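A quick write-up on the structure given underneath.
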Amino acid sequence: MRGRPFWPYLLIAPTVAGGAFLLLYPVAKAAVISLQHFRMGELIKGGAAFIGFGNYAELLSGDEFWAVLLRTVWWTAVNVVLIVVLSTAVALLLVRLRRGMRLALMSALALAWATPIIAATTVFQWLFQSELGVVNWLLVTLGLDSFRGYTWFADGDATFAVLVVLVVWQSVPFAALTLYAGLTTIPAELYESARIDGGTGWQIFWQVTLPMLRTLFALIVSLEVIWVAKCFPQIWVLSQGGPGDATTTLPVYAFKIARVLHRYDLGSAVAMLTVLILAVALISNLRRMVGS
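With the working numbering applied, the sequence shown covers 18 to 309.
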């Protein structure tokens with residue numbers, strides 16, 4: 018029996034090698050720095066000394082890291098739940114719309130998805146501006162006078178809510194279009210049989226749609242957990258982790274430590290712990306995907 022052809026592997030080797038280098042080198046470098054005494058002096062002169070797991074011990078023994086970790090878990094859970102629920106609703110709506118309306122909605126989703134992150138964040142800053150923002154003007158017009166001149170970014174919970182709206186708005190298009198593509202692969206006969214058996218819309222979704230797309234839902238949840246947990250540009254541009262530490266998640270925390278304190282070793286340790294936590298959180302979900 019002839020062996021597998023060698024040329025296909027040779028042709029993709031440069032791309033695989035380049036991708037592996039771009040992905041693995043930063044992680045490996047951060048892992049090494051997290052085990053060193055690496056601050057401004059070492060950045061300029063070199064010669065960083067290895068200190069083992071001292072940076073990790075410093076992080077894990079302090080209360081600040083655990084507070085940021087808990088906030089990151091809450092941030093991720095709120096966003097992912099909203100993204101999955103709204104994306105599912107939009108995907109089901111796309112299936113039921115006529116062609117023209119479906120095309121218009123899909124185009125709107127694509128445009129929202131294609132909007133650069135910084136540009137979208139800047140627009141949200143203007144929307145929620147205290148004096149000239151559209152949101153305050155609309156709420157006051159609806160009779161909610163308490164929002165006249167309301168400063169959204171001076172309150173931690175309000176800033177957190179604005180960031181959730183922004184991230185969900187940016188994330189729903191991808192998940193919705195992906196789920197819509199999955200819905201189009203389900204045979205119509207399954208839905209017809211369920212309706213003949215007297216199934217309601219809710220029962221059909223749970224008994225037909227969800228089991229057929231279980232792997233796709235698991236994939237979307239995994240991708241959104243990664244996307245939301247490592248979310249940095251939106252938070253930094255909109256609030257820089259404030260007010261106070263109300264919107265400081267692990268990526269923002271790592272950047273603030275490295276930038277403000279010049280503790281590149283401690284910032285790298287936070288980054289590596291973030292990678293480890295995400296890997297542990299997702300491994301069971303990925304195993305279920307492969308198993309199914």
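Using N, Cα and C, we set each Cβ at its ideal position, and we do this for glycine too. Note that this is a predicted model, so its numbers are computed, not measured.
Asked                                                                                                : Found
Buried/exposed call for Arg276, threshold 16 Cβ in 10 Å                                              : exposed
Cutoff 6 Å; reference Trp24; Cβ partners in own chain excluding five residues on either side         : none
Ordered list of alpha helix (DSSP H) runs contained in the stretch 104-148, each at least 4 residues : 116-131 and 134-144
Supposed close pair Val225, Ala211 - CB separation, criterion 8 Å                                    : 5 Å
Segment contact flag, the stretch 277-296 with the stretch 42-50, C-beta cutoff 8 Å, min 3 pairs     : yes
Nearest-angstrom Cα separation, counted from Phe82 out to Ile61                                      : 28 Å
Candidates Tyr167, Thr202 and Phe191, of which the one nearest Gly150 by Cα                          : Tyr167
With 16 other Cβ atoms within 10 Å as the buried cut-off, status of Thr266                           : buried
Strand pairing of Phe67, partner residues [DSSP]                                                     : Gln53
C-alpha gap between Ile300 and Leu155, whole angstroms                                               : 44 Å
Among Arg56, Arg304, Ala30 and Leu109, the one whose alpha carbon lies nearest that of Thr232        : Arg304
Local conformation of Ser285 per DSSP, three classes                                                 : helix
Beta-carbon gap between Ile323 and Leu283 smaller than 7 Å                                           : The chain is shown from 18 up to 309; residue 323 falls before or after that span and cannot be answered.
Span of the alpha helix (DSSP H), counted from its first residue to its last, around Val157          : Val151 to Thr158
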